[in-house]
Amino acid sequence: VPEKLLLSACHLLVSMATTVRPVFLVSLPAVQNIFNLITENHNHRLPQEAHVLVCRALSNMLLLPWPSLPEAEQQWPSRSSNHTRLLSSLTQQYRLLPRPPNHHPN
Numbered sequence: 277v278p279e280k281l282l283l284s285a286c287h288l289l290v291s292m293a294t295t296v297r298p299v300f301l302v303s304l305p306a307v308q309n310i311f312n313l314i315t316e317n318h319n320h321r322l323p324q325e326a327h328v329l330v331c332r333a334l335s336n337m338l339l340l341p342w343p344s345l346p347e348a349e350q351q352w353p354s355r356s357s358n359h360t361r362l363l364s365s366l367t368q369q370y371r372l373l374p375r376p377p378n379h380h381p382n
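In the working numbering, the protein residues as written are 277 to 382.
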């Protein structure tokens, strides 16, 4: 896929996840596939800008409330769990870095 087309698609996904926020977006097989590829650390690396945009879209899908839906139907426990999984995956390499010898956790 040409990079300009890829970035356009990524920006569209971010826009949908941020402004429109349809409830069905997180249940689309393509979105679930992207989520799994990111969280399972597959080596299907996107260009850095595309990767950042996709991660931003996924995070927004999980954090922002769905419009016109009551609080009780927002599925916060499931969405929170998936967001934790996303952040854990994205920060895994950082968390594996060795600590300096004089490091004192707070």
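Glycine residues also receive a C-beta, built at the ideal position from the N, C-alpha and C atoms.
Reduced DSSP category for residue i - H, G, I as helix; E, B as strand; rest coil
i      : result
Gln320 : With the sequence shown as reference, residue 320 is identified as His, and Gln is not the correct amino acid for it. It is coil, neither helix nor strand.
Ser344 : coil
Arg355 : helix
Val330 : helix
Gln368 : helix
Residue i versus residue j: straight-line alpha-carbon distance, rounded
i      : j      : result
Leu340 : Leu313 : 22 Å
Leu362 : Asn309 : 13 Å
His380 : Gln368 : 20 Å
Asn378 : Ser354 : 38 Å
Distance between beta carbons of residue j and residue i, contact taken as under 8 Å
i      : j      : result
Ala293 : Ala348 : No, Ala293 and Ala348 are not in contact; Cβ-Cβ is about 22 Å, not under 8 Å.
- Below 8 Å, can you find three or more Cβ-Cβ pairs linking the segment 282–289 to the segment 321–341? yes
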